[in-house]
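For the sequence shown, my numbering begins at 149 and goes up steadily by one.
No residue lacks a Cβ here, since even glycine has one placed at the ideal position from N, Cα and C.
Here is the structure we will look at, set down as structure tokens.
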Amino acid sequence: MARPAKVRIVLSQAVNRVDLREMGIPPIGLAYLSAYVKAHESDVEFRFAESSEEILASEPDIVGISAVSQNSGLANVLARELRQSGFEGPILLGGYHITGVPGSLSEDFDLGVLGEGEQTLLEVVRLIRDGGRSWREKRDSVPGVCFSDGRRVVTTGRREQIRPLDSVPHPDREMLAERWAPIHGSVQYLYSSRGCPYACSFCSSSQFWGSARYFSAQYLLDELVDLAGRYHASSFFFYDDLFIADRKRLEVLADLMCAEGLSQEVESLCNVRASEIDDDICRVLKRMNINWVYLGLESVSDSVLKKVNKRATHEENVRALRLLKQHDFKITASFILGMPGETADDMKKTAAFIEENLGTLIDEFMVYPIIPFPGTQIWRDAVARGLIDENPAPETMRRATFSFHPDDYVYLNDAAPRDTFFFYLYYLRFIRLRHWLKRLLGTNHELGLLMGKHVKEIDALEHEIAQATEYVASLETQICKKDGRLDMLDSELEKSINEVALLRSRLAEGTENEQAPATRRNRMLSAVRRSLRPPS
Ligand code: B12
Ligand code: SF4
């Protein structure tokens, strides 16, 4: 059958496929690219593919790959595989890493797209379609790109932001549907803005997007109605860097959602910021049926918060937690360890704060090591201090992000020893693991386990345990001798392994029972239900 006379663009994302978290959220950025270019050109079609084999099987005219820093090496490998398989067409690279380090563009790519990609991709597609073989000679006519001129990588300057943001159509989620089969009743991720009005020194958002821009309330309502209707969304996750920055717009959106009946049907989640929390915003969020919020607290030390330009104090953070709880929100708080100037005492206090408030002010928490990502102030400082190369090898970024070996991690902090930092990082990750296990081992989940639920959660827990085993082993080499701290981690690890094994066996029991005669299964389920009933 003859191929339709359309330019076929195949988009891909360089991800670590064994990482369950990375695989969990669809790459909506690629879906915006497809929607935007298709809205301006009728003779293009978009597909999403993962491996080089899949990409080639889609017979692309143009390939576009997206990568964040820790996966930039995977993007290079993908491009190399395409070239080695004989693909001679244009290969483009976009996303955070190439934007932060244009000089890292590998020779297999024809072009790097810097920052916001829609308009640039449209121009590049037109150039390729209309320019024939000589398109490469005109690359310098497109703002917001980088490419090699044979000697070095050159950039063409920053492109103007797209304004108004509503001129970007809703993402083409159908392009992703095959891989991320929209499960009926699932969480649907969406973005209501680009950029953030703050400039924390560890975050690249404001640098990447420029000044913050917002989709209008009506644009968002239309997207929500589509997601609710088409995919029967069980919840909306507003995945913006800072969802609540423009509150007037949210008030209108809340009105529209209530009028549409959406806020009764679907529960939502979003990212907030302590300094923006007051009674009014809590009420607006509740009207939208947002019941779970994510909040970056980072540290309990005011001097650390100041140093990373957080523009929030510990007191403000606690006040926000209390207010959110008064309004009955569930809260996931995130913390960062190893920030410049953080003392051992600061780390100890942050750990104590988490333990004291877990289950009361904080429902869930996450803890990250600080990483100097390109485009951030701490990156620039680390480069200036000679701690990281201006154009780091992809493997360096990957190891700095994911390796649990202390030697791979770029430690930025002179104020506390490395082993203290690693101890608190791993200790807190264990506290998180134990908290997670406690929740799953609670009687309320007995029934769920017997019915074969929580499979994904248990997979994720096993993944965490495998990582935890690695970091205890690596900490042993760091601390060099067995001391009380290691013993504590060892025993936490052992408990966790036993408990996950218990969960796994309960799950297996449930699966076996599924095949057992209905009467036996029903007897078991009613026994569990009876045990869940409060005593009369
Ligand atoms: C969703 C998300 C995730 C998801 C990943 C989902 C996935 N499928 O990969 C999850 C939750 C797993 C995640 C995790 C992490 N993330 Co994250 N994440 C995001 C977030 C919030 C949104 C991404 C997004 O969709 N943006 C919206 C779309 C519109 O933007 P976009 O994807 O960048 O695409 C646009 C352009 O970049 C460009 N473009 C992109 N690709 C391409 C390709 C081509 C060909 C072209 C032409 C253009 C183009 O055009 C698009 C449209 O304008 C961003 C912050 C942000 N606001 O972007 C952080 C962000 C990407 N994450 C970041 C980080 C650091 C992490 C973690 C490493 C955190 C940590 N310290 O542990 C972890 C690592 C993963 C892990 N294993 O734990 C950093 C990356 C910094 C960097 N330089 O790489 C960001 C930027 C946060 C920040 N502000 O610092 N993350
Ligand atoms: S960390 Fe959050 S508040 Fe700070 S600049 Fe990034 S997105 Fe904005």
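Counting every other CB atom within 10 Å of its CB across the protein chains shown gives S252 a total of 16 or more, marking it as buried. For T247, the three-state secondary structure derived from DSSP is helix. Beta-bridge partners of F350 (DSSP): none assigned. When DSSP states are grouped into helix, strand and coil, L401 belongs to the helix group. Under the 8 Å Cβ criterion, the region 193-210 does not count as touching the region 331-349, having fewer than three qualifying pairs. Annotation for C418: no alpha helix (DSSP H) segment contains it, though the beta strand (DSSP E) segment containing it runs 415-420. Sequence-distant partners of T303 (beyond 5 residues in either direction) whose C-beta falls short of 6 Å from its own C-beta, in its chain, are P250, C294.
Minimum Cα-Cα distance from E322 among the listed residues D374, I438, E538 corresponds to D374. Within the same chain, Cβ atoms closer than 8 Å to the Cβ of S382 are found at G333, S334, V335, V414, E415, the five residues on either side in sequence being excluded.
Rounded to whole angstroms, the gap between the alpha carbons of R299 and S282 is 19 Å. Spatial neighbours of A223 in its own chain (CB-CB distance under 7 Å, excluding positions within 5 residues in sequence) are listed in chain order as A162, I213, A215, L241. Following the DSSP letters along the chain, one finds I484 in no alpha helix (DSSP H) but inside the beta strand (DSSP E) bounded by residues 478-485.
Contact between V515 and L443 is absent: CB atoms are separated by about 14 Å, not below the 8 Å threshold. Leaving aside the five residues that flank F363 on each side, the residues in its chain whose CB is nearer than 7 Å to its CB run, in chain order, L313, D314, S340, S341. Following the DSSP letters along the chain, one finds N439 inside the beta strand (DSSP E) bounded by residues 438-446.
By the Cβ rule, the region 230-247 does not count as touching the region 552-571, because fewer than three pairs are nearer than 8 Å.
The C-beta of D493 has fewer than 16 other C-beta atoms within 10 Å across all chains shown, which makes the residue exposed. Short note on Y346: C-beta closer than 6 Å to some heavy atom of the ligand SF4. Spatial neighbours of Y367 in its own chain (CB-CB distance under 6 Å, excluding positions within 5 residues in sequence) are listed in chain order as D314. Between M436 and M487, the CB-CB gap reaches or exceeds 7 Å. Counting only unbroken stretches of 4 or more residues, the alpha helix (DSSP H) elements lying wholly within the region 196-236 are 200-205, 220-232, in sequence order.
Secondary structure remark: continuous beta strand (DSSP E) runs of at least 3 residues inside the region 292-328, in chain order: 293-296, 301-303.
Relative to the ligand SF4, R459 has its C-beta separated by 6 Å or more from all heavy atoms.
In the same chain as A205, and ignoring 5 residues on each side of it, the C-beta atoms closer than 8 Å to its own belong to A197, in chain order. Taking non-hydrogen atoms of the ligand SF4 into account, the C-beta of R421 is found less than 6 Å away from one of them. Judged by DSSP secondary structure, V185 falls within the alpha helix (DSSP H) whose first and last residues are 176-188. In the three-state DSSP reduction, E255 falls in the coil class, being neither helix nor strand. Judged by DSSP in its simplified three-state form, M171 adopts coil rather than helix or strand. For the set H475, K473, V456, the Cα lying nearest the Cα of F483 is the one of V456.
The residue among L472, R395, T461, R431 with its C-alpha nearest the C-alpha of R361 is R395. DSSP places F391 in the coil class of the three-state scheme, outside both helix and strand. With fewer than 16 other CB atoms across the displayed protein chains lying within 10 angstroms of its CB, K454 is exposed.
Per DSSP, Y575 is one residue of the alpha helix (DSSP H) stretching across 566-589. With respect to the 7 Å criterion, F521 and S217 are classified as neighbours on the basis of their beta carbons.
Rounded to whole angstroms, the gap between the alpha carbons of Y184 and G265 is 10 Å. Residue range 383-386 is occupied by the beta strand (DSSP E) that includes F385, with no alpha helix (DSSP H) assigned at that position.
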